[in-house]
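First comes the structure, then the notes that go with it.
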Amino acid sequence: MRSLPGAKHTTLRSVCCLAHARGQARPNSDYDLALKPGHPPAPLDRVAWQVEIENLLGADVSLVLLTPTTDPVLGWEIARDGKLLYERDRGLWMSERARLWHLYNDALPFRRALAESLRSYAEEVRHGA
């Protein structure tokens with residue numbers, strides 16, 4: 351793997367791919383990549399990573415950094431559909447998948463409350479309240 355800008359300070363622990371791995375990519379699809387860095391890169395390094403990866407692939411890239419603040423639903427989609435391309439140490443991706451699944455399950459009560467709130471609001475709007 352080529353060295354990414356700023357990577358000397360951040361070790362990539364794992365990388366996975368979504369749409370292309372699921373076989374749902376169209377000719378003009380971008381690449382959905384999820385990276386698990388050892389620690390979050392500086393913002394400019396993150397942008398440099400994206401540019402470097404896009405140059406390597408010759409295509410647009412949607413880059414997600416898997417961190418403790420990753421949205422639980424996005425994390426669940428990555429855990430469910432992502433295909434491992436690289437992991438620094440064996441078992442890191444399985445550990446990360448388990449963490450993402452737990453975050454998704456922990457967020458279930460909040461997702462249900464939000465869905466109910468949206469349903470209630472839609473009913474009020476429908477009835478002119």
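Going by the working numbering, the sequence shown opens with residue 351, and the numbers climb by one from there.
Glycine residues also receive a C-beta, built at the ideal position from the N, C-alpha and C atoms.
From a predicted model like this one, the values you see are computed outputs, not experimental measurements.
*The beta strand (DSSP E) spanning ASP456 covers which residue range?*
First-last for ASP456: 442-456, but that is the alpha helix (DSSP H), not the beta strand (DSSP E).
*With DSSP run on the structure shown, which of helix, strand or coil describes SER379?*
coil
*Through-space distance from TYR471 to ASP439, alpha-carbon basis*: 48 Å
*Would you say the beta carbon of GLU473 comes nearer than 7 Å to a heavy atom of the ligand FAD?*
No copy of the ligand FAD appears in this structure; indeed no ligand is present at all.
*asked:* Suppose you measure from the CA of ASP395 to the CA of LEU383; what does that come to, to the nearest Å?
replied: 16 Å
_So if DSSP puts ALA463 in a beta bridge, which residue, or which two residues, is it bridged to?_
ALA463 pairs with nothing; no bridge assigned.
*If you count every other CB in all the chains shown that lies within 10 Å of the CB of ALA448, and 16 or more means buried, which is it?*
exposed
*What are the boundary residues of the alpha helix (DSSP H) that GLY425 is part of?*
422-431
*asked:* Considering only the alpha carbon of each residue, which of VAL401, CYS367 and ALA409 lies closest to ASN349?
replied: A question about residue 349 goes unanswered here, because the residues of the chain that appear run from 351 up to 479.
*Using the C-alpha atoms, what's the distance from ALA457 back to LEU434?*
25 Å
*State yes or no: is the C-beta of ARG446 within less than 8 Å of the C-beta of LEU416?*
Looking at the sequence shown, residue 446 is not Arg but Glu. In this structure, LEU416 lies closer than 8 Å to GLU446 by Cβ.
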